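If you use numbering that gives the first Met the number 0, the sequence shown corresponds to residues 0 to 266, in order.
Before any comments, here is the structure.
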Amino acid sequence: MNAPDDFHALRRRVRLSGQLVTRTGLRIGAGQHGDADAVDLPVLRDADGYPFIPGASIKGVVRSTVESLVRGLGQPEREAAVHPWWACNPTEKKGGCGDVGRGDREAMSVDAHCVVCRLFGSHLLSSHVRFSDALALDRDDPPPIELRDGVGIDRDLRTVSGALKYDFQVVAPGTRFGLEVFVDNGEDWMLGLLAVAFDQLDHGFAALGGFTSRGLGRVNLGWSELLEVEPKGLLGGKSFEPVRGADVESRFATWRRALTQAVEEHV
Ligand SMILES: [Zn+2]
């Protein structure tokens with residue numbers, strides 16, 4: 000694996016579009032303020048009152064999924080320069096990616112980063128991947144939001160306490176959201192990592208949003224369009240173009256093969 004993480008030159012930009020459909024309730028909280036609903040825990044809504052999923056939330060779950068998969072390979076000795084197939088703990092200052100203890104110049108280099116930070120970025124590296132906010136596709140009235148009862152358990156008495164009862168909103172099962180992912184200068188193995196993480200989410204092994212331990216946040220993902228643009232096209236005034244002779248499925252297969260090969264070579 001080489002490490003062509005130079006963002007000074009845009010060599011390739013991939014845009015994947017598709018749909019996310021909720022299979023269970025989905026809870027992306029709006030916090031406690033600025034919502035007129037008399038609900039303890041409202042969901043996030045766009046300006047028209049329809050739920051949406053921030054791109055950062057989708058990226059977060061995809062990143063943590065990739066992290067757990069990479070950790071499953073076993074954490075090698077910290078020789079990242081020859082073996083990037085490890086995942087740092089982003090909350091750990093010492094020994095993590097971009098550890099300044101190793102000297103500024105060294106810490107700044109791509110080689111000092113784990114495969115997860117190389118793909119999704121760190122405080123020192125740009126991300127190859129960007130998710131747009133996913134907006135609800137169906138603009139039915141009323142918006143697809145359901146109210147659920149929550150019950151708090153008193154941690155000391157281990158009983159249900161009346162005072163701890165609360166309601167929370169969820170996005171209804173069956174709600175469709177538009178998905179859009181951009182990958183800049185992504186190597187095929189990087190796209191392969193994304194493809195595998197998308198599978199995990201689609202198969203219910205990873206979940207989105209809050210209250211996932213109660214079974215919320217299960218979604219299906221489907222990809223319908225793959226477009227690519229190269230600098231020559233951009234400078235020539237073109238936007239994205241379909242990849243010639245390649246449907247989405249066959250491209251995903253190519254990326255998965257590249258991932259398998261990269262892992263076999265380095266682990
Ligand atoms: Zn890292």
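The beta carbon of each residue, even a glycine, is placed where N, CA and C say it ideally should be.
Keep in mind that this is a model prediction, so the values were computed, not measured.
Throw me the rounded Cβ distance for the G216 and A206 pair, which I believe falls under 8 Å.
-> By a beta-carbon distance limit of 8 Å, G216 contacts A206. Their separation comes to about 4 Å.
Rounded straight-line distance, which links the Cα of S131 to that of R255 = CA-CA distance, R255 to S131, rounds to 23 Å.
DSSP-derived helix/strand/coil call for G59 | In the structure shown, G59 sits in a helix (DSSP, three-state: H, G or I).
Assuming V247 and S223 make a contact with CB atoms under 8 Å, what is their CB distance in whole Å?
-> Yes, V247 and S223 are in contact; Cβ-Cβ is about 7 Å, under 8 Å.
Just to confirm, are V195 and L72 a CB contact at a threshold of 8 Å?
-> Contact flag unset, no.
Excluding the 5 residues preceding and the 5 following R14 in the sequence, name in chain order all residues of the same chain whose CB lies nearer than 6 Å to its CB.
-> Closer than 6 Å at Cβ, skipping near neighbours: F181, L226, F239.
Contact test: S121 Cβ vs ligand 1 heavy atom, cutoff 7 Å = Indeed, a heavy atom of ligand 1 lies less than 7 Å from the Cβ.
Taking 7 Å as the line, does the beta carbon of H127 fall inside it for any heavy atom of ligand 1?
-> For H127, the CB stays at least 7 Å from every heavy atom of ligand 1.
Where V230 falls: helix, strand or coil (DSSP) = Contrary to the premise, residue 230 reads as Pro rather than Val in this sequence. Collapsing the DSSP output to three states places P230 in a helix.
Do R44 and N184 have their C-beta atoms closer together than 8 Å?
-> No, the Cβ-Cβ distance between R44 and N184 is not below 8 Å.
Determine the contact status of S56 and I27, defining contact as a CB-CB distance below 8 Å.
-> Yes, Cβ-Cβ distance for S56 and I27 is below 8 Å.
Going by beta carbon distance, what residues of the same chain come within less than 6 Å of G33, once the five residues before and after it are set aside?
-> Legend: pLDDT at G33 = 46, less than 50; position of this residue unreliable, no value from coordinates given.
Counting by C-beta, which residues lie closer than 7 Å to a heavy atom of ligand 1, in chain order?
-> This criterion selects A86, C87, P89, G95, C96, H112, C113, V115, C116, S121.
Around the Cβ of P241, are there at least 16 other Cβ atoms within 10 angstroms (buried) or fewer (exposed)?
-> Exposed, by the Cβ-count rule.
Report the residue from G17, S16, H7, T23 whose alpha carbon sits nearest the alpha carbon of P172.
-> Closest option to P172, Cα to Cα, is T23.
Would you please state the rounded distance, in angstroms, between the beta carbons of G208 and P142? I believe it to be under 8 Å.
-> Rounded, the Cβ-Cβ distance is 16 Å, inconsistent with contact.
Beta carbon of A135, beta carbon of P50: below 8 Å?
-> Cβ distance < 8 Å, so A135 and P50 count as in contact.
Please name the residue in G177, G214, T259, M189 whose C-alpha comes closest to that of Q18.
-> For the residues G177, G214, T259, M189, the minimum Cα distance to Q18 belongs to G177.
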